[in-house]
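Student:
Numbering (my numbering), first residue to last: 168 to 715.
#1: DSSP state of residue 384, grouped into three classes?
#2: Can you tell me which of 372, 437, 395 puts its alpha carbon nearest to the alpha carbon of residue 409?
#3: Locate the alpha helix (DSSP H) running through residue 442, then write down its first and last residues.
#4: What's the C-alpha gap between residue 473 and residue 460?
#5: Given 7 Å as the limit, tell me if residue 310 has its C-beta closer than that to any heavy atom belonging to the ligand MN.
#6: Can you tell me whether residue 252 is buried or exposed, with buried defined as 16 or more other CB within 10 angstroms of its CB?
#7: Just curious, the alpha helix (DSSP H) that residue 672 is in, first and last residue?
#8: Round the Cβ separation of residue 597 and residue 578 to the nearest angstrom and send it over; I've been treating them as touching at under 8 Å.
#9: What is the DSSP secondary structure of residue 545, counted as helix, strand or coil?
#10: Quick one: Cα of residue 195 to Cα of residue 202, how far?
#11: Mark residue 411 as exposed unless 16 or more other C-beta atoms lie within 10 angstroms of its C-beta, in which case mark it buried.
#12: Any chance the segment 281 to 294 sits against the segment 326 to 335, with 3 or more Cβ pairs inside 8 Å?
#13: If I'm right that residue 571 touches residue 604 with Cβ under 8 Å, what's the distance once you round it to whole angstroms?
#14: With DSSP as the reference, label residue 564 as helix, strand or coil.
#15: Fully enclosed by the segment 577 to 626, which beta strand (DSSP E) runs are 3 residues long or longer?
#16: Round the Cβ separation of residue 344 and residue 325 to the nearest angstrom and send it over; I've been treating them as touching at under 8 Å.
#17: Checking 8 Å against the spacing of the C-beta atoms, do residue 416 and residue 379 come in under that value?
#18: Taking the alpha carbon of residue 702 as the reference point, which residue from 676, 669, 683, 692 has its own alpha carbon closest?
#19: Check residue 668 in the structure and name its three-state DSSP category.
#20: As a quick exercise: from 297, 304, 261, 296, pick the residue whose alpha carbon is nearest that of residue 281.
#21: Just curious, the alpha helix (DSSP H) that residue 687 is in, first and last residue?
#22: Determine whether the beta carbon atoms of residue 664 and residue 635 lie at a separation below 8 Å.
#23: Between residue 645 and residue 638, what straight-line distance do the alpha-carbon atoms span, to the nearest angstrom?
#24: What does the alpha-carbon distance come out to for the pair residue 647 and residue 695?
#25: Just the C-alpha distance for residue 493 and residue 468, rounded to the nearest angstrom, thanks.
#26: Around the Cβ of residue 256, are there at least 16 other Cβ atoms within 10 angstroms (buried) or fewer (exposed)?
#27: How about residue 414 and residue 422: do their beta carbons lie closer than 8 Å?
#28: Can you tell which of 242, 308, 234, 208 has the C-alpha that lies nearest to the C-alpha of residue 223?
#29: Specify the secondary structure class of residue 716 as computed by DSSP and reduced to three states.
#30: Please report the Cβ distance between residue 356 and residue 350, rounded to the nearest whole angstrom; I am assuming they are in contact, meaning their Cβ atoms lie under 8 Å.
#31: Is residue 173 helix, strand or coil by DSSP?
#32: Helix, strand or coil for residue 646? Go by DSSP, reduced to three states.
#33: Would you give the residue range spanned by the alpha helix (DSSP H) that residue 280 belongs to?
#34: Look at the alpha carbon of residue 490 and the alpha carbon of residue 683, and state the distance between them as a whole number of angstroms.
#35: Using DSSP with H/G/I as helix, E/B as strand and the rest coil, what is residue 652?
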């Protein structure tokens, strides 16, 4: 029989052979089972048109047969299809409600368990309520165990693990994820879509707690699985997540290749799923100092947390501390207080933004929450984030010696984590406070190491910043009677260069696409920070410090 032959081919990973069998079976007579299976093969082959056509036809035939569980099962697939292929949240909601109504009175079925799994996803990723999602996931896994449905059991277990991690219960959450992922990738779960979901949630959880070594191990496991089964959708999503690990480790060329391939694969077939890879690419461009490209990519992926936090980081790099702080406050309000793991990155940046704008109370409040998270999630990168944020606060409010101790600790922790970009940033921050304490030799050494690391990574804007600071220290020692060059943001350097070229405030505003008021404020801050009295003095300073 073509239906059974197709299922056997699918189990072997022979998707084109399976598709031929299902198409033959559907052509011989309208069979909802054959159409449902055809929709699954088409889903894995990125064939959106066939996926929707087959599944909608199967749904109608199941309803005509009065098979409510079959109809509900396909409706739940159409929830996923509507989101993955088209990003149609309203349509997805409609199919979810249809499945829920169809399954009234069938609460002990596998289909009801999958309905719970979908509801748990929505509760976690859209309502940002991990505790409620955890409760739902436990119910789904229990149904799977009772019915010996391993795909449902381990999907529910993985969702429970991710929800626990998101709520801050990291150790038990990761144990559940490890169990589910080991079982899924070892072949205990036969449904390939369930394997993909479990793997993605595992890597996502590792990233949330910055356990990058664990993430790397599971990424490799997931990639091996996708290559074995020739699964492009899963492989594309995994590439985007694995790139996050590569970015952290400083393997930027590899990360860029992964991300560009993922964007190309997903944009052609599943554009709604491409935003994660686009946001990651924006993160990489920000680190590379390609700020215009980063801004464009963050706008494209504006719904993604990585993009929202990345945009705030970009604003701070450009000297827009007020705007950065406001962006972060909006993000933190949107996330709420139930997901500490997703708040951590925004809080670290919030400390720096508020410190830069002189708001000690707001910076201290953000740091206190970040410290609480780091104590509950004691991975080395999380602890490093809290330490470097504390250093930024101490430095901003006149405690350079204490700040130096924090920055040195951050260097050590980031080195232990294998994060070369973060190490370089911490070294440059350390150089600033060492110089403020009069330790010029040590400061020059740290800044030189930072400059060299930025150069090796390809972070050229940051390399230029370190080089300019080093030049300032050298010139200050030899020709300025000890006056130390003060650190400048990328935006301040841009404005200083344009001032040196003789541009007026309105001309600078047009060139940088800023308001004239913002430019005026930047110029005033520059004059105060560098103790300059005129535009001519600014031009001279830029020339002396090789900033032209």
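Each residue gets a CB set at the ideal place from its N, CA and C atoms; glycine is no exception.
None of these values were measured; they are calculated from a predicted model.
Tutor: Working from what's here:
#1: Here residue 384 refers to the residue found at position 217 when the chain shown is read from its first residue. It is helical.
#2: Here residue 409 is taken as the residue at index 242 of the chain shown, counted from 1. Among 372, 437, 395, the Cα nearest to that of residue 409 is on 372.
#3: Sequence index remark: in the chain shown, residue 442 carries index 275 (1-based). Residues 442 to 455.
#4: The residue given as residue 473 occupies position 306 in the chain shown. The residue given as residue 460 occupies position 293 in the chain shown. Between residue 473 and residue 460, the C-alpha separation is close to 15 Å.
#5: Annotation note on the ligand MN: not contained in the displayed structure, which lists no ligands.
#6: The count along the chain shown starts at 1 and reaches residue 252 at position 85. Under this definition residue 252 is a buried residue.
#7: Stepping through the chain shown from its first residue, residue 672 is reached at position 505. Annotation for residue 672: the continuous alpha helix (DSSP H) segment containing it runs 672 to 679.
#8: As a position in the chain shown, residue 597 is number 430, starting the count at 1. As a position in the chain shown, residue 578 is number 411, starting the count at 1. With a beta-carbon spacing of about 6 Å, residue 597 and residue 578 fall inside the 8 Å limit used to define contacts.
#9: Counting from one through the chain shown, the residue named residue 545 turns up at place 378. Coil, per DSSP.
#10: Position 28 of the chain shown, counted from the first residue, corresponds to residue 195. Position 35 of the chain shown, counted from the first residue, corresponds to residue 202. Here the alpha carbons of residue 202 and residue 195 stand approximately 12 Å from one another.
#11: As a working note, residue 411 is residue 244 in the chain shown. So residue 411 ends up on the buried side.
#12: Touching, yes.
#13: Here residue 571 corresponds to residue number 404 of the chain shown, with the count starting at 1. Here residue 604 corresponds to residue number 437 of the chain shown, with the count starting at 1. That pair is a contact at about 6 Å.
#14: Translated into the one-based positions of the chain shown, residue 564 becomes position 397. Residue 564: coil per DSSP, three-state reduction.
#15: Segments of the beta strand (DSSP E) lying fully in the segment 577 to 626: there are none.
#16: Numbered from its first residue, the chain shown carries residue 344 at position 177. Numbered from its first residue, the chain shown carries residue 325 at position 158. Contact flag correct, Cβ pair sits at about 6 Å.
#17: Residue numbering aside, residue 416 sits at position 249 when the chain shown is read from its first letter. Residue numbering aside, residue 379 sits at position 212 when the chain shown is read from its first letter. Contact: yes.
#18: Against the chain shown, residue 702 aligns to sequence position 535. Checked all of 676, 669, 683, 692; the closest Cα to residue 702 is 669.
#19: To locate residue 668, count along the chain shown from 1; it is residue 501. Looking at residue 668 - three-state DSSP - the assignment turns out to be coil, as it is neither helix nor strand.
#20: Here residue 281 refers to the residue found at position 114 when the chain shown is read from its first residue. The shortest Cα separation from residue 281 among 297, 304, 261, 296 belongs to 304.
#21: Numbered from its first residue, the chain shown carries residue 687 at position 520. It spans 683 to 697 - the alpha helix (DSSP H) in which residue 687 sits, taken as one unbroken run.
#22: Numbered from its first residue, the chain shown carries residue 664 at position 497. Numbered from its first residue, the chain shown carries residue 635 at position 468. Taking the C-beta atoms as reference points, residue 635 is found no nearer than 8 Å to residue 664.
#23: Within the chain shown, residue 645 is the residue found at index 478, counting from 1. Within the chain shown, residue 638 is the residue found at index 471, counting from 1. Below a pLDDT of 50, predicted positions are generally treated as unreliable, and residue 645, at 38, falls in that range; no measurement from the model is reported.
#24: For this step, residue 647 is matched to residue 480 along the chain shown. For this step, residue 695 is matched to residue 528 along the chain shown. Only weak support exists for where residue 647 lies, its pLDDT of 39 falling under 50; the coordinates are left without a value.
#25: For the purposes of this step, residue 493 is taken as the residue at position 326 of the chain shown. For the purposes of this step, residue 468 is taken as the residue at position 301 of the chain shown. Distance between the alpha carbons of residue 493 and residue 468 is about 19 Å.
#26: To locate residue 256, count along the chain shown from 1; it is residue 89. Taking a 10 Å sphere around the C-beta of residue 256, we find fewer than 16 other C-beta atoms and assign the residue as exposed.
#27: Position 247 of the chain shown, counted from the first residue, corresponds to residue 414. Position 255 of the chain shown, counted from the first residue, corresponds to residue 422. Contact: yes.
#28: Sequence index remark: in the chain shown, residue 223 carries index 56 (1-based). Cα-wise, what sits closest to residue 223 is 242.
#29: Absent from the model: residue 716. The displayed extent of the chain is 168 to 715, so no value can be given.
#30: What you label residue 356 is simply residue 189 of the chain shown in a count that begins at 1. What you label residue 350 is simply residue 183 of the chain shown in a count that begins at 1. Right, their Cβ atoms sit about 6 Å apart.
#31: Residue numbering aside, residue 173 sits at position 6 when the chain shown is read from its first letter. Helix.
#32: For the purposes of this step, residue 646 is identified with residue 479 of the chain shown, where counting begins at 1. With a pLDDT of only 37 at residue 646, under the threshold of 50, the placement of this residue in the model should not be trusted; the figure read from the coordinates follows. Under the three-state reduction of DSSP, residue 646 is assigned to coil, being neither helix nor strand.
#33: Working through the chain shown from its first residue, we reach residue 280 at position 113. 277 to 292 is the span of the alpha helix (DSSP H), which, as asked, contains residue 280.
#34: Here residue 490 refers to the residue found at position 323 of the chain shown. Here residue 683 refers to the residue found at position 516 of the chain shown. Taking the straight line from one Cα to the other gives about 16 Å.
#35: If you number the chain shown from 1, residue 652 lands on position 485. Legend: pLDDT at residue 652 = 46, less than 50; position of this residue unreliable, no value from coordinates given.
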